[in-house]
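K.L.:
First the structure, which I've put down as structure tokens, then a few questions once you've had a look.
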């Protein structure tokens, strides 16, 4: 089946620092999504990417859909304590995988004030 | 108003028991899902229903049986619970496949 490799697995940063995380896949995805999960909650969609090469921002968050359609990255600028959580990339395939989100392993972000 | 609500939030039960988790969405979405998150936080789809019809059924033991009485509800029934079933189960819904709304999760612990 399709698999996503997300890195890093965890990050410990100081408030104000920038953060970068990425996902790679052996398969092509039609859509890349980035989610955040707060403790005790379900994942919440942050950014959706639909075209290879697309660069999209949502406030301090910026994500890009890789040209090969096999990778994506998420940047968070000027981190703040409420950025703490688990960030997941997810890919949405086509064909027989239509409608099925494949998630990365997650990046646990800790922000020290 | 909670968009996707699932109950119970916490469930502790003994091996061999049968339990159900209920899910309801008030978003008017046609598609609902069950995802499982294991102890390493890995999220994996289990089932997907569109207008009460099963459209995705991953390799899940047949002890897990989803039931959709109408398009706003998707319940998950688990028979003969095993220790390895301990996980967080997320219900979700969507109208378009790339915008999925998750519930808050149901923490299942099998002892």
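Protein chains in written order, with the numbering used here: chain Z, 1 to 113; chain P, 1 to 111.
Think of the CB as a built atom: it goes at the ideal place given N, C-alpha and C, for glycine as much as any other residue.
Could you tell me the distance, in whole angstroms, from the CA atom of residue 13(Z) to the CA atom of residue 67(P)?
P.N.:
Roughly 44 Å separates the two Cα atoms.
K.L.:
Quick one: Cα of residue 48(Z) to Cα of residue 84(P), how far?
P.N.:
In a straight line, the C-alpha of residue 48(Z) is about 33 Å away from that of residue 84(P).
K.L.:
Would you please verify whether the beta carbon of residue 86(Z) is less than 8 Å from any beta carbon of chain P?
P.N.:
Residue 86(Z) counts as touching chain P.
K.L.:
Whole angstroms is fine: what's the gap from residue 39(P)'s alpha carbon to residue 113(Z)'s?
P.N.:
The alpha-carbon atoms of residue 39(P) and residue 113(Z) are separated by roughly 28 Å.
K.L.:
What residues match up with residue 85(Z) in a beta bridge as DSSP calls it?
P.N.:
In DSSP, residue 85(Z) forms a bridge with 109(Z).
K.L.:
Which residues in the same chain as residue 46(P) place their Cβ atom closer than 7 Å to its Cβ, once the five residues preceding and following it in sequence are excluded?
P.N.:
The residues are 34, 35, 36, 58, 60 and 64.
K.L.:
Relative to the C-alpha of residue 84(Z), which candidate in 21(Z), 59(Z), 37(Z) and 50(Z) has its C-alpha closest?
P.N.:
Closest by alpha carbon: 37(Z).
K.L.:
Once the 5 residues before and after residue 52(P) are set aside, which same chain residues still bring their CB inside 7 Å of it?
P.N.:
These residues qualify, in order along the chain: 68, 70 and 71.
K.L.:
Hey, residue 73(Z) and residue 90(Z) are a contact pair by Cβ (cut 8 Å); roughly how many whole angstroms apart?
P.N.:
Going by Cβ atoms, the distance from residue 73(Z) to residue 90(Z) rounds to 14 Å, so no, they are not a contact pair.
K.L.:
Measure the Cβ-Cβ separation of residue 42(Z) and residue 52(Z) and say whether it is below 8 Å.
P.N.:
For residue 42(Z) and residue 52(Z), no; Cβs fall outside 8 Å.
K.L.:
Does residue 40(Z) pass the burial test, meaning 16 or more other C-beta atoms within 10 Å, or should it be called exposed?
P.N.:
Exposed is the call here.
K.L.:
Report the partner residues of residue 29(P) according to the DSSP bridge assignment.
P.N.:
Beta-bridge pairing links residue 29(P) to no other residue.
K.L.:
With 7 Å as the C-beta to C-beta threshold (strictly closer), list the residues of the region 99-112 of chain Z near chain P in chain order.
P.N.:
Hits within the stretch, in order: 99, 100, 101, 103, 105 and 106.
K.L.:
Go ahead and pull the three-state DSSP assignment for residue 91(Z).
P.N.:
Reduced to three states, the DSSP call for residue 91(Z) is strand.
K.L.:
Determine which residues share a DSSP beta bridge with residue 106(P) and list them.
P.N.:
Its beta-bridge partners are 89(P).
K.L.:
Mind checking whether residue 12(P) and residue 88(P) have CB atoms under 8 Å apart?
P.N.:
No. Outside cutoff.
K.L.:
Mind pulling the beta strand (DSSP E) runs of 3 or more residues that sit fully within the region 20-93 of chain Z?
P.N.:
Listed in chain order, they are 31-37, 44-49, 55-58, 61-65, 71-76 and 85-92.
K.L.:
So which residues on chain P does residue 42(Z) lean against when the C-beta distance must stay under 7 Å?
P.N.:
Simply 90, 102, 103, 104 and 105.
K.L.:
Note down, in chain order, all residues in the region 53-79 of chain Z with a beta-carbon under 8 Å from any beta-carbon belonging to chain P.
P.N.:
So nothing in the stretch comes that close.
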